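The next block holds one structure in the form of structure tokens; read it before the comments.
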Amino acid sequence: AQSVAQPEDQVNVAEGNPLTVKCTYSVSGNPYLFWYVQYPNRGLQFLLKYITGDNLVKGSYGFEAEFNKSQTSFHLKKPSALVSDSALYFCAVRDPRSGGSYIPTFGRGTSLIVHP
Amino acid sequence: NAGVTQTPKFQVLKTGQSMTLQCAQDMNHNSMYWYRQDPGMGLRLIYYSASEGTTDKGEVPNGYNVSRLNKREFSLRLESAAPSQTSVYFCASSPTQGAGEQYFGPGTRLTVT
Numbered sequence: 005a006q007s008v009a010q011p012e013d014q015v016n017v018a019e020g021n022p023l024t025v026k027c028t029y030s031v032s033g034n035p036y037l038f039w040y041v042q043y044p045n046r047g048l049q050f051l052l053k054y055i056t057g058d059n060l061v062k063g064s065y066g067f068e069a070e071f072n073k074s075q076t077s078f079h080l081k082k083p084s085a086l087v088s089d090s091a092l093y094f095c096a097v098r099d100p101r102s103g104g105s106y107i108p109t110f111g112r113g114t115s116l117i118v119h120p
Numbered sequence: 280n281a282g283v284t285q286t287p288k289f290q291v292l293k294t295g296q297s298m299t300l301q302c303a304q305d306m307n308h309n310s311m312y313w314y315r316q317d318p319g320m321g322l323r324l325i326y327y328s329a330s331e332g333t334t335d336k337g338e339v340p341n342g343y344n345v346s347r348l349n350k351r352e353f354s355l356r357l358e359s360a361a362p363s364q365t366s367v368y369f370c371a372s373s374p375t376q377g378a379g380e381q382y383f384g385p386g387t388r389l390t391v392t
């Protein structure tokens, strides 16, 4: 079974400050991990993914995520937040051994609010 | 590339009416999905199609049917709409190579009165 948790419903940060959106996961083997962003009244948009290799993954719009196997975490980070980063962020996990179904499990989402 | 497109964008139905939500993708993806998004519930998978010609139930399939018309199109049908089906519906597609990240459509906002 696979599961993912986003422990914070909301994260507040001032513009220009670094931001972190937390995600922890549970999967039997080595995971595939994803971050998506959803702007108001829009569909989810793929940001970045971890498959294997370097623990620091870089994605769109200056976001990056750090994979930590020992802590089973995949936190999303950005060095300097922008007001336009305000959105809903979803973490997702997939067990590569799930075969042809390719069904990920999504977290409940974290609302990021960046204050001017 | 248009990516994933959905029609309609908005719909209001009366209880008992039926409708079909349309979804199409132009990325040559094998897998397609239908989700619903409700406040506080996150995304819930309704049905998915791992490849053309196959469909399977997800977490919340009751009250819905799907058709994978061809590789590009995957429709969701509500045979007899209920107020509990008021939601935002998203279609997504993914490749079956690599990690299989999903690409989402813009959504359909459905209200059942």
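Quick note, the sequences are listed as chains A and B, same order. For the first sequence, this note's numbering begins at 5 and goes up steadily by one. For the second sequence, this note's numbering begins at 280 and goes up steadily by one. We put the beta carbon where it would ideally sit given N, CA and C, even for glycine. All figures in this text were calculated on a predicted structure; none of them were measured in a lab.
Under the three-state reduction of DSSP, which class applies to residue 321 (chain B): helix, strand or coil?
Numbered from 1 along the second sequence, position 42 holds the residue referred to as residue 321 (chain B). DSSP places residue 321 (chain B) in strand when its eight states are reduced to three.
Please name the residue in A:119, A:107, A:25 and A:98 whose C-alpha comes closest to that of residue 53 (chain A).
Here residue 53 (chain A) refers to the residue found at position 49 when the first sequence is read from its first residue. Closest option to residue 53 (chain A), Cα to Cα, is A:98.
For a test of the three-state rule: what should DSSP assign to residue 46 (chain A), helix, strand or coil?
As a position in the first sequence, residue 46 (chain A) is number 42, starting the count at 1. The answer is coil: DSSP assigns residue 46 (chain A) none of H, G, I, E or B.
Out of curiosity, what's the CA-to-CA distance linking residue 30 (chain A) and residue 107 (chain A)?
Residue 30 (chain A) sits at position 26 when you count from the first residue of the first sequence. Residue 107 (chain A) sits at position 103 when you count from the first residue of the first sequence. Residue 30 (chain A) and residue 107 (chain A): Cα-Cα distance of roughly 15 Å.
Interface flag, residue 2 (chain A) vs chain B, CB-CB below 8 Å:
Nothing can be reported for residue 2 (chain A): it is not among the residues displayed for chain A, which extend from 5 to 120.
In chain A, which residues lie less than 9 Å from residue 381 (chain B) when you measure between Cβ atoms?
By 1-based counting over the second sequence, the position of residue 381 (chain B) is 102. Those within 9 Å of residue 381 (chain B) in chain A are 38, 40, 48, 50, 96, 106 and 108.
First and last residue of the uninterrupted beta strand (DSSP E) at residue 301 (chain B)
Counted from its first residue, the second sequence places residue 301 (chain B) at position 22. That run of the beta strand (DSSP E) goes 298–304.
Buried or exposed: residue 326 (chain B), going by 16 or more other Cβ atoms within 10 Å of its Cβ?
As a first step, residue 326 (chain B) is located in the second sequence; it is residue number 47 there, counting from the start. Its Cβ being crowded by 16 or more others within 10 Å, residue 326 (chain B) is buried.
Consult DSSP for residue 363 (chain B) and reduce its assignment to one of helix, strand or coil.
By 1-based counting over the second sequence, the position of residue 363 (chain B) is 84. In this structure, residue 363 (chain B) counts as helix in the three-state DSSP scheme.
Nearest-angstrom Cα distance between residue 130 (chain A) and residue 18 (chain A)?
Chain A is shown only over 5 to 120; residue 130 (chain A) falls outside these bounds and no answer can be derived.
In three-state DSSP terms, what is residue 335 (chain B)?
Reading the second sequence from its first residue, position 56 is the one you call residue 335 (chain B). DSSP places residue 335 (chain B) in strand when its eight states are reduced to three.
Would you call the segment 34–41 of chain A and the segment 68–86 of chain A touching, i.e. three or more CB-CB distances under 8 Å?
yes
My understanding is that residue 364 (chain B) touches residue 386 (chain B), with C-beta atoms under 8 Å, so please give their C-beta distance in whole angstroms.
Sequence index remark: in the second sequence, residue 364 (chain B) carries index 85 (1-based). Sequence index remark: in the second sequence, residue 386 (chain B) carries index 107 (1-based). Not quite, the Cβ-Cβ distance comes to about 15 Å (not below 8 Å), so this is no contact.
How many angstroms separate the CA atom of residue 319 (chain B) from the CA atom of residue 16 (chain A)?
For this step, residue 319 (chain B) is matched to residue 40 along the second sequence. For this step, residue 16 (chain A) is matched to residue 12 along the first sequence. If I take the Cα positions, the gap works out to 19 Å.
At what residues does the beta strand (DSSP E) containing residue 7 (chain A) begin and finish?
What you label residue 7 (chain A) is simply residue 3 of the first sequence in a count that begins at 1. Note, residue 7 (chain A): beta strand (DSSP E), 7–9.
Between residue 53 (chain A) and chain B, is any beta-carbon pair separated by less than 8 Å?
Locating residue 53 (chain A) in the first sequence gives position 49, where the first residue counts as 1. Residue 53 (chain A) counts as touching chain B.
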